[in-house]
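Chains as they are written, first to last, in my numbering: chain A, 141 to 546; chain B, 141 to 546.
Using N, Cα and C, we set each Cβ at its ideal position, and we do this for glycine too.
This structure is a prediction, so every number in the text was calculated from the model and none was measured.
Below: the structure, in structure tokens.
Number of protein chains: 2
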Amino acid sequence: MGKALIVQKFGGSSVANVERIQNVARRVTGYRKKGYDLVVVVSALGDTTDELIELADKINPEPSEREMDMLLSTGEQISVALLAMAIHKLGYEAISFTGLQVGIITDTSHTRARIVKIDTKKISDELKKGKIVIVAGFQGTTPDQHITTLGRGGSDLTAVALAKELKADQCEIYTDVEGIYSTDPRIEPKAGKIDAITYDEMLEMASLGAQVMQARSIEVAKKFDVPIHVRSSLSEKPGTMIVREVKRMEEVVVNAITLNKNESKITVCDVPDKPGVAAKIFKNLASGGVNVDMIVQNVSHTRKTDISFTIQKAELAKTMRLVRKAAAKVGAGEVVEDADIARVSIVGVGMKSHSGVAATMFETLARKKINIEMISTSDISISCIIKKNKVESAVRALHGKFGLNK
Amino acid sequence: MGKALIVQKFGGSSVANVERIQNVARRVTGYRKKGYDLVVVVSALGDTTDELIELADKINPEPSEREMDMLLSTGEQISVALLAMAIHKLGYEAISFTGLQVGIITDTSHTRARIVKIDTKKISDELKKGKIVIVAGFQGTTPDQHITTLGRGGSDLTAVALAKELKADQCEIYTDVEGIYSTDPRIEPKAGKIDAITYDEMLEMASLGAQVMQARSIEVAKKFDVPIHVRSSLSEKPGTMIVREVKRMEEVVVNAITLNKNESKITVCDVPDKPGVAAKIFKNLASGGVNVDMIVQNVSHTRKTDISFTIQKAELAKTMRLVRKAAAKVGAGEVVEDADIARVSIVGVGMKSHSGVAATMFETLARKKINIEMISTSDISISCIIKKNKVESAVRALHGKFGLNK
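Dropping the structure here:
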């Protein structure tokens, strides 16, 4: 066995074509040369998954989830075989496994399965033989050997779970950016790479729309204290460490500004202000499969109130149908949609111990003449819904105000 | 359980696109509607396998056979999932399995594995639930769960082996032709579909270049007496039955005329006529991985002789290098290649009990002024090597002479 074990995960864009697969092989073998044991988790090549979904859709627009998993899991199987071949070409030993072969046992919830346990014997045996072990991300198997998948971004989860079970010294998530940024650098060029961030902050950012890592994988990393290193597959520079606690020289209140333009707002007007009415509306949405995000109900001085909430834009039409029905049933008034909104959020564990952060945020937006339509807070974040065309200027103003410009 | 069990195998061209997959689904469910239990074996979609081989070649021109099997087995996995979805769309129950999942246990010879045993419990259980069971052809697994493949045409073998283990009432091999023909209808329009043919004749035809079914699968069918029905996936007409013995009203001497234009001839001149010399030449070729087909050595009146043999045309350059080296070592003379040849053969179990068949063949060719360069015979076939540009006229003359014109 080598001096230490690293789990490395490469996403679909890192293995999108022959050159990139060769690049990953060079990086992996570079670590092997330094003496590390390596378990490499790979996603499907580039757009393979989307292409397979499209093909299935032509044959059956409502495909069985079990068969969908059969179909989609081929994507990663192709990647791991090709990466093994690329590593062999460089003169190193490697062996690839599917989730089923390696023993990633999940429950039976096809297309969104949860990992139940991982049998690490096969991996350990191959590591002992000096091989680089390549594991198909995103997939597992039920105890009865039906293939399952872990949901979008599931390869992150495979990597974190393997790092935990194998007691890896490091878990590296490779992407096409250099790490986690204080905000989107395309909007604020003064955004800086964050050297270290806590699981909680990262979870908050993921739920607020940052698309670097799958939220479930961060939850697992937090639960089992697996330190994660998010970094670029095209550079040797260190990226961002995601850990339990970050000891910073100077206390930082706000660590990152996130934005999300994929939500829409719906307002149900004149809802009778009686117990159980809101419950009825949202129960209707839940059984229709709609994920509701922020919910705001105005304090009512009359017997009627307005309830606003946000949802994923892609679900707007479906949600409007469901809400109109529910509104009629409970005797509410008009239902108004607004797709022209965006969410801007500030995130930082430092907020817990600092007062006045919300006030500073509201003031900063007010100074830019940006109207706040909804507010929602958590322990470590504050979000505001504003008009979509104001979101870039809001991000820049907040990024400067909270001292994140580099 | 239904009234009888049919194993149906559909090749890559039968599932090459969405429409054809839907066509297969309609055919399969048509049989289900009639009350049959069904196990369906499917190959990879159209050119998938070739595309994956090409991709692998770009990454590593000498890929590990284990990883090649990992890669190629995804092709059938995609097919079975899509066919299951297409069958679901028609309102029938179906479930797909990979070779590994279903328990097709093979030896560890990757890319050309032999089936050791098949665990039929999983299939039987699903059949009992009333499901159509779809199995990925061409693939299996070692006892340690490493994925293997059975070699080109291996899906035929999967179907025959499953039919045997499941004691199926029928094993149907679907192709894009109506069955086995007395010769290639593109050359002789009077060629007729053969209603029934023996395993031995079919094996002989496969080894002589007929490309309808994989030879190994016919061997297995013969060994376990599995009757095979080769038929068209686009028509309801009966095709050709392959069985142990065909009781024909009238004894037929020759059943089919085959031709093969993919061979080349090599002649080693002036080989010293001593024991062990020929052995040295062919041992050299064998260790170089060259498959030699026909071998003819002329009777020698001097101390020197000429040895001619045929090989696959694709191996001509490589073989010439090996032969020239070997010829020099044993003190032989010139080595001459001839890619301009073809083989024409007559096949029929009736030959065993009839004399004069060879004479009739040679006479027929002579009458057409076709020179015979090499002759080779077996129990149930006679082959002649002739000039390539004469092969069509040879086929037509023999087809007529042996009473096969319809």
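Residue i: which of the options sits nearest, CA to CA?
| i | options | result |
| --- | --- | --- |
| GLN148(A) | HIS250(A), ALA301(A), ILE255(A) | ALA301(A) |
| ALA419(B) | ARG483(B), LYS444(B), ALA466(B), SER249(B) | ALA466(B) |
| SER347(A) | GLY170(A), ALA165(A), SER518(A) | SER518(A) |
| GLU403(A) | ASP365(A), VAL366(A), GLU477(A), ASP335(A) | GLU477(A) |
| THR282(A) | GLY543(A), GLU266(A), ASP247(A) | ASP247(A) |
| ILE387(A) | VAL408(A), SER533(A), ALA336(A), LYS363(A) | With the sequence shown as reference, residue 387(A) is identified as Lys, and Ile is not the correct amino acid for it. Closest option to LYS387(A), Cα to Cα, is ALA336(A). |
| VAL411(B) | LYS469(B), VAL158(B), THR459(B) | LYS469(B) |
| LYS143(B) | ASP197(B), LYS198(B), LEU267(B) | LEU267(B) |
| GLU532(B) | ILE199(B), ASN400(B), THR459(B) | ASN400(B) |
| ALA114(B) | GLY270(B), HIS369(B), PRO367(B), GLY332(B) | Beyond the ends of chain B as shown, which are 141 and 546, falls residue 114(B); an answer cannot be given. |
| SER264(A) | ALA184(A), VAL242(A), GLN279(A), GLN285(A) | VAL242(A) |
| LEU425(B) | THR445(B), ASP446(B), ILE451(B) | ILE451(B) |
| VAL392(B) | GLY543(B), LEU192(B), GLY215(B), VAL179(B) | GLY543(B) |
| ALA350(B) | GLU216(B), LYS377(B), ASP446(B), ARG483(B) | ARG483(B) |
| TYR314(A) | GLU328(A), LYS492(A), ILE161(A) | ILE161(A) |
| ILE520(A) | ALA537(A), ARG536(A), ALA498(A), ASN511(A) | ALA498(A) |
| TYR339(B) | GLU359(B), PRO325(B), GLU328(B) | GLU359(B) |
| SER154(B) | ARG371(B), PRO378(B), ASP324(B), ILE320(B) | ARG371(B) |
| ILE522(A) | SER357(A), ILE397(A), VAL463(A) | ILE397(A) |
Roughly how many angstroms separate the alpha carbons of residue i and residue j, rounded to a whole number?
| i | j | result |
| --- | --- | --- |
| GLU194(B) | ALA226(A) | 14 Å |
| LEU456(B) | SER485(B) | 22 Å |
| ASN395(B) | VAL489(B) | 8 Å |
| ALA299(A) | VAL164(B) | 39 Å |
| LYS528(B) | ILE481(B) | 4 Å |
| THR442(A) | ASP413(A) | 8 Å |
| MET381(A) | LEU343(A) | 13 Å |
| LEU505(B) | MET434(B) | 19 Å |
| VAL182(A) | ASP309(A) | 19 Å |
| ASP564(A) | LYS229(B) | The first residue shown for chain A is 141 and the last is 546, placing residue 564(A) beyond what the model contains. |
| GLN354(B) | GLY294(B) | 7 Å |
| LEU223(A) | SER322(B) | 47 Å |
| HIS250(A) | ALA184(B) | 24 Å |
| GLN437(B) | LYS458(B) | 22 Å |
| THR289(A) | ALA331(B) | 52 Å |
| LYS444(B) | ILE515(B) | 21 Å |
| LEU306(B) | MET460(B) | 47 Å |
| GLY170(B) | VAL408(B) | 58 Å |
| GLY416(B) | PHE422(B) | 10 Å |
| ALA534(A) | ILE334(A) | 20 Å |
| ILE368(A) | GLY151(B) | 46 Å |
| ILE512(B) | GLY471(B) | 28 Å |
| ALA537(B) | VAL220(B) | 45 Å |
| GLY473(A) | ILE526(A) | 24 Å |
Pick helix, strand or coil for residue i, following the three-state DSSP scheme.
| i | result |
| --- | --- |
| GLN148(A) | strand |
| PHE364(B) | helix |
| HIS556(B) | Summary: the structure shown does not reach residue 556(B), with chain B confined to residues 141 through 546, and so no result is reported for it. |
| LYS405(A) | strand |
| GLY416(A) | coil |
| ASP129(A) | For chain A, the structure presents residues 141 to 546; residue 129(A) sits outside this window and is missing. |
| ASP296(A) | helix |
| ASP259(A) | coil |
| LYS527(A) | strand |
| LEU374(A) | coil |
Taking 7 Å as the line, does the beta carbon of residue i fall inside it for any heavy atom of the ligand COA?
| i | result |
| --- | --- |
| PRO329(B) | Ligands are entirely absent from the displayed structure, and the ligand COA is therefore not among its contents. |
Which ranges does the alpha helix (DSSP H) cover as unbroken runs of at least 4 residues, wholly within the segment 198-238 of chain A, from first to last along the chain? 205-229
Residues of the segment 197-210 of chain A in Cβ contact with chain B at a cutoff of 9 Å, in chain order, please. LYS198, ILE199, ASN200, PRO201, GLU202, PRO203, SER204, ARG206, GLU207, MET208, ASP209, MET210
Every unbroken alpha helix (DSSP H) inside the segment 325-350 of chain B [4 residues or more]: 339-347
Which of the residues in the segment 222-233 of chain A, read from start to end, lie with their CB under 8 Å from any CB of chain B? LEU222, ALA224, MET225, ALA226, HIS228, LYS229
Can you give me, in chain order, the residues of the segment 241-265 of chain B that have a beta carbon less than 8 Å from any beta carbon in chain A? GLN241
Which residues, in order along the segment 384-397 of chain A, keep a beta-carbon less than 8 Å from a beta-carbon of chain B? none
Please name the residues in the segment 168-187 of chain A whose beta-carbon is closer than 7 Å to at least one beta-carbon of chain B, in chain order. none
Secondary structure, beta strand (DSSP E): runs of 3+ residues fully inside the segment 437-494 of chain A: 444-452, 475-478, 481-487
Of all the residues that make up the segment 264-296 of chain A, which are near chain B by a beta-carbon distance shorter than 7 Å? GLN285
Using a Cβ-Cβ cut-off of less than 9 Å, give me the residues of the segment 368-381 of chain B that come near chain A, in sequence order. none
Segments assigned beta strand (DSSP E), at least 3 residues, entirely inside the segment 267-324 of chain B: 272-276, 279-281, 287-289, 310-315
Counting only Cβ-Cβ distances shorter than 9 Å, please list the residues of the segment 154-169 of chain B near chain A, keeping chain order. VAL158, ILE161, GLN162, ALA165
Contact list for the segment 513-546 of chain B against chain A, Cβ threshold 8 Å: none
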